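Reviewing the structure listed below.
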Amino acid sequence: MNFQEAEDLDGVRFSWNTFPTNTFDASNLVLPIGSLYTPLFKKKDLNIIDNQNPIVCSNSNCQSILNKYTHFDHNSLSWICSICLSRNFLPKNYFANSSADNNNINLNDFDQILTSSTIEYKLPNKTSKFPSNIYLFAIDLALNADQNDLEEFESLKSSILSSINYLSEDSIIGLITFGKNINIYQLSDLNIIKNFSFNGDKFYSKSQIQEKLGILPEDLRSHSKKYNIGSNYFQKISTYNFVFEKIINNLKLDVWPIKKNERKLRSTGNCLNIIKNLLISCFPQTNVQILLFLSGPADYGLGKITTPNRKDTLRSNNDIINGNKNFHKESKTFYNNIAKEIAYQGYTLNLFIGSYDQIGLFEMSKLLNLTSGSCIFSDSFKTSIFKNSLIKFFESHSLINNNNNDNDNDNDIDIDNNNNEITNIGFNGSLQIKTSVPLKINGLIGNAISLNSMENSNPNLRVDLSKKKNFSNSNISDLEIGIGKTNSWKLCNVSSSSTYAIYFEINKDALTQTRTQMVYIQYTFHYQHLDGQYRLRVTTIQRPIYKLSTYKNFFLENFDEEAAVILISRLISFKKFNSKNNDFEKNENGIKYIDEMLIDLIRKFNFIDINTNTLLLPGTFLSFPGFTYNLRRSFLLNSFNYSPDELTYYNHLLLSENVDNSLVMIQPVLLSYGQDTLDKDQNNFDNIKTEAVLLDSLSIKSNRILFLDTFFEILVFHGANIAALNSYLQREPDKFLEKYGNQFKENFDKFLKSPNEDIKDILVERFPLPRFISCKEGDSQSRFLISKLSPTNAYKDGGFRGEEVHLLTDDLSLQSYFAILVEKALTNDSKKS
Ligand SMILES: [Zn+2]
Numbered sequence: 001m002n003f004q005e006a007e008d009l010d011g012v013r014f015s016w017n018t019f020p021t022n023t024f025d026a027s028n029l030v031l032p033i034g035s036l037y038t039p040l041f042k043k044k045d046l047n048i049i050d051n052q053n054p055i056v057c058s059n060s061n062c063q064s065i066l067n068k069y070t071h072f073d074h075n076s077l078s079w080i081c082s083i084c085l086s087r088n089f090l091p092k093n094y095f096a097n098s099s100a101d102n103n104n105i106n107l108n109d110f111d112q113i114l115t116s117s118t119i120e121y122k123l124p125n126k127t128s129k130f131p132s133n134i135y136l137f138a139i140d141l142a143l144n145a146d147q148n149d150l151e152e153f154e155s156l157k158s159s160i161l162s163s164i165n166y167l168s169e170d171s172i173i174g175l176i177t178f179g180k181n182i183n184i185y186q187l188s189d190l191n192i193i194k195n196f197s198f199n200g201d202k203f204y205s206k207s208q209i210q211e212k213l214g215i216l217p218e219d220l221r222s223h224s225k226k227y228n229i230g231s232n233y234f235q236k237i238s239t240y241n242f243v244f245e246k247i248i249n250n251l252k253l254d255v256w257p258i259k260k261n262e263r264k265l266r267s268t269g270n271c272l273n274i275i276k277n278l279l280i281s282c283f284p285q286t287n288v289q290i291l292l293f294l295s296g297p298a299d300y301g302l303g304k305i306t307t308p309n310r311k312d313t314l315r316s317n318n319d320i321i322n323g324n325k326n327f328h329k330e331s332k333t334f335y336n337n338i339a340k341e342i343a344y345q346g347y348t349l350n351l352f353i354g355s356y357d358q359i360g361l362f363e364m365s366k367l368l369n370l371t372s373g374s375c376i377f378s379d380s381f382k383t384s385i386f387k388n389s390l391i392k393f394f395e396s397h398s399l400i401n402n403n404n405n406d407n408d409n410d411n412d413i414d415i416d417n418n419n420n421e422i423t424n425i426g427f428n429g430s431l432q433i434k435t436s437v438p439l440k441i442n443g444l445i446g447n448a449i450s451l452n453s454m455e456n457s458n459p460n461l462r463v464d465l466s467k468k469k470n471f472s473n474s475n476i477s478d479l480e481i482g483i484g485k486t487n488s489w490k491l492c493n494v495s496s497s498s499t500y501a502i503y504f505e506i507n508k509d510a511l512t513q514t515r516t517q518m519v520y521i522q523y524t525f526h527y528q529h530l531d532g533q534y535r536l537r538v539t540t541i542q543r544p545i546y547k548l549s550t551y552k553n554f555f556l557e558n559f560d561e562e563a564a565v566i567l568i569s570r571l572i573s574f575k576k577f578n579s580k581n582n583d584f585e586k587n588e589n590g591i592k593y594i595d596e597m598l599i600d601l602i603r604k605f606n607f608i609d610i611n612t613n614t615l616l617l618p619g620t621f622l623s624f625p626g627f628t629y630n631l632r633r634s635f636l637l638n639s640f641n642y643s644p645d646e647l648t649y650y651n652h653l654l655l656s657e658n659v660d661n662s663l664v665m666i667q668p669v670l671l672s673y674g675q676d677t678l679d680k681d682q683n684n685f686d687n688i689k690t691e692a693v694l695l696d697s698l699s700i701k702s703n704r705i706l707f708l709d710t711f712f713e714i715l716v717f718h719g720a721n722i723a724a725l726n727s728y729l730q731r732e733p734d735k736f737l738e739k740y741g742n743q744f745k746e747n748f749d750k751f752l753k754s755p756n757e758d759i760k761d762i763l764v765e766r767f768p769l770p771r772f773i774s775c776k777e778g779d780s781q782s783r784f785l786i787s788k789l790s791p792t793n794a795y796k797d798g799g800f801r802g803e804e805v806h807l808l809t810d811d812l813s814l815q816s817y818f819a820i821l822v823e824k825a826l827t828n829d830s831k832k833s
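Residue 661 in full-length UniProt numbering sits at position 661 of the sequence shown, with consecutive numbering throughout.
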């Protein structure tokens, strides 16, 4: 099976593409049974059915949608539902008489439905009360007011002003600033700047905010129909952009006096509380993009993570694990609660950070995770990472391509933003998964929130297709993995690379109830398109069921090691960041979990060559132990070089991204450019070989340039000879020319630029932009590269065979890791027999 082709077709990958017949066999597969689903993947030739509702199974407990795998009888116009096996009849006069007949479907569309596994419906007659593109800017004014920070502030203002050019003219904008106090600006007055100020140390309820801003409470609004809610604070960009510009241009940093060695007061928590209550008052249950620009930690009011005193350092990973500092638990609970409320409303919190200090991202992580927000994580608003990532963010929200970018890029590499493809993005979405009888759903891990509890608390939040009570609970497992106990989730904000991991278990009664030897899974994703229209994307998948004992090889042949390691990494991530005490789960637990899983796998499938005592893996498993080796060394399980904020940022992207990108995060890509055969004096650099090389210290060669992509960083590394030549060329260009000649210099120049094409390819697609590191053999920055490489030379003696599996150290080489796995698998084997 070609997993990539299957993904290109439907945006779905499975770890096991064959399903076992019972729970016992499922446990013998060791690795989780799950799928990675990318609802808005860029599909070539997507079949779009215009202005139609889908045909839904009449079984009220099922309501799955007529699809490719449905058995359709053209004579009786009836069909057997592939999920619940009920017989259904098409409504009379279902087919259109002419193409102008909008009420009924035309034969061509119907044919598409019966032949395509993925279909998108543009739903008729569905409009939102509110515009689909509302943006609330929230700007931090507590930057420190030395000269440097004024430049920083001006850079931020100019980025914000240029960003609004990307928004469509009917977009609605609002503006809030915060520092010691919180200000909400009126955008309706063309002549004077007017704002309402709130105390950053005080909690405001929704009614207090409504009263102060003159917004009528909900129960009075019906009496005055013409009343335009929140119109003073939210305005159309086409008419009021110059008011917005005027206010931004006139913004001043907070000037509240502070003592020496004190931070400025920053009331991020109370600001978010006010934003929540303002938006619920004006735009309940719709898509709103909150754009929070943040330059330091909250140290004032609710949600603070430290005090203004600079001597109070911010919490470290150890502080969090050991519960040393006062604020993080309380603060995390505060932000978790706000996150749930705004996700329920369909709002997305996007966080744009320009700060050398941590800002409290660890505490605020649920705001990103539950609302699927974007995060730009940079040291300063002056960096090109911030500026260009912000442009990319707004481009993705733009219906038209914007080719006149004014990039002032301080890297050597030009970033080509002229990507012709219009980015697909979906708002206020919901995902529902239906399965045929053999399968149950354990849960989902990704940027989502369960719809189950929401439906009970607020009927308005239900999705169209699940109006008649939740789809039969029979496919919901009692065993919860990630966000479980439901088959429906709200996905506030979905891009073309947003991917969700879904975990399945085998239903105990499966075999007696199923007539077919297939499982069917239907993913229905309901969302609001960037153009405001509601759409439904339906993907239906079929996979075979076999007895594991008889068809073991079939299971192995259809195993997708890439999907499997991502499903595992998300499991580890979920455990690490969702401990009950608002702490981190310890790395050792995760390492123990994957090592034991791998040893169990090797043992159950006999992946050992008994003669040589080495791993003997089938083709579909060849990379798997390497993946887990690198996963152990990644930020997820080797986290002590990172701050809590960095870990949260990396983890958020791991939970967001598609298979290709997640794989780069787990196992970085290393490319080599050079000619290994020539020695130093004979180098002519006119025939450069580019190849992917192992993540191994042996890949470092003095005549090579290496290019490392970790997703978060890209690094170019010059081997010793290259670095020396380059330094000579920079230092004494004339002598260089005299010694080596013009042709050599030209070739060498070209050679130095050889990674640039690969870098450009990455920068076009990637959001947020990666950090760029340039280094050479021996300098301090090259430690970053070394830390990602297996130290092959270091541990040839294999002296790391400890008693306990989880004692394996983080600088263990790949070869030693394999040897230990084999040894442990054999030991466990002998214990069993
Ligand atoms: Zn059905």
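Glycine residues also receive a C-beta, built at the ideal position from the N, C-alpha and C atoms.
This one's a predicted model, so the numbers in the text were calculated from it and none came from an experiment.
Counting along the chain, the unbroken beta strand (DSSP E) around Val519 starts and ends at Met518 to His529. The segment 250-259 and the segment 285-299 do not touch, with fewer than three beta-carbon pairs separated by less than 8 Å.
Under the three-state reduction of DSSP, Ser702 is assigned to coil, being neither helix nor strand.
If you look at Ser384, you'll find it isn't in any beta strand (DSSP E); it sits in the alpha helix (DSSP H) that goes Ser384 to Ser396. DSSP places Lys43 in the coil class of the three-state scheme, outside both helix and strand.
For Ser727, same chain residues with a beta-carbon under 7 Å away, outside a window of 5 residues either side, do not exist.
Ile594 is the residue among Glu657, Asn613, Ile594 and Lys604 whose C-alpha sits nearest the C-alpha of Leu631. In the structure shown, Lys434 falls within a strand segment according to DSSP collapsed to helix, strand and coil.
Apart from the 5 residues on each side of it in sequence, Lys387 sits with its Cβ closer than 6 Å to the Cβ of Ser159 in its chain, given in chain order. Near ligand 1, meaning a Cβ closer than 6 Å to any of its heavy atoms, lie the following residues in chain order: Cys57, Asn59, Cys62, Ser64, Cys81, Ile83, Cys84 and Ser86. Between Val659 and Arg87, the CB-CB gap reaches or exceeds 7 Å. Rounded to whole angstroms, the separation of the alpha carbons of Asn447 and Asn195 is 35 Å. Each residue's CA atom was taken as its position, placing Thr614 and Ala26 some 26 Å apart. Per the Cβ contact rule, the segment 371-378 is not in contact with the segment 162-175 (fewer than 3 Cβ pairs under 8 Å). For Ser389, the CB contacts under 6 Å within the same chain, skipping 5 residues up- and downstream, are Ile376, Pro768 and Leu769 in chain order. Our two residues, Tyr121 and Phe427, have alpha carbons roughly 16 Å apart in a direct line. Distances from the alpha-carbon of His526 to those of Gly532, Val538 and Phe685 put Val538 closest.
The Cβ-Cβ distance between Leu272 and Ile338 falls below 7 Å.
Boundaries of the beta strand (DSSP E) harbouring Ser488: Ser488 to Ser495, taken from the DSSP string. Under the DSSP definition of a beta bridge, Leu671 partners with Ala692 and Phe707. Check the Cα spacing between Arg570 and each of Lys92, Asp560 and Glu657: the tightest is with Glu657. Under the three-state reduction of DSSP output, Tyr240 falls in the helix class. By the neighbour-count criterion, in which 16 or more other beta carbons inside 10 Å mark a residue as buried, Thr313 falls on the exposed side. Its chain contains Asn181, Ile182, Tyr204 and Ile274 as the residues whose beta carbon lies nearer than 7 Å to that of Phe198, once the 5 sequence neighbours on both sides are disregarded; these appear in chain order. Close CB contacts of Pro668 within its chain, under the 8 Å cut and outside five residues either way in sequence, are with Asn630, Leu695, Leu708, Asp709, Thr710, Phe711 and Lys788 (chain order).
Linking Ile572 to Asn28 through their CA atoms gives a straight-line distance of about 20 Å. Leaving aside the five residues that flank Glu777 on each side, the residues in its chain whose CB is nearer than 8 Å to its CB run, in chain order, Ile700, Ser702, Phe717, His718, Gly719, Ala720 and Ala723.
In the three-state DSSP reduction, Thr70 falls in the coil class, being neither helix nor strand.
Between the segment 480-499 and the segment 601-621, the count of C-beta pairs closer than 8 Å stays below three; the two stretches do not touch. Distances from the alpha-carbon of Met364 to those of Pro297, Gln345, Gly323 and Asn326 put Pro297 closest. In the three-state scheme derived from DSSP, where H, G and I count as helix and E and B as strand, Tyr593 is classed as helix.
DSSP places Asn687 in the coil class of the three-state scheme, outside both helix and strand. Taking each of Asn638, His71 and Phe72 in turn and checking the Cα distance to Glu588, the smallest one comes out for Asn638.
In this structure, Lys440 sits away from Ser398, with a CB-CB distance that is not shorter than 7 Å.
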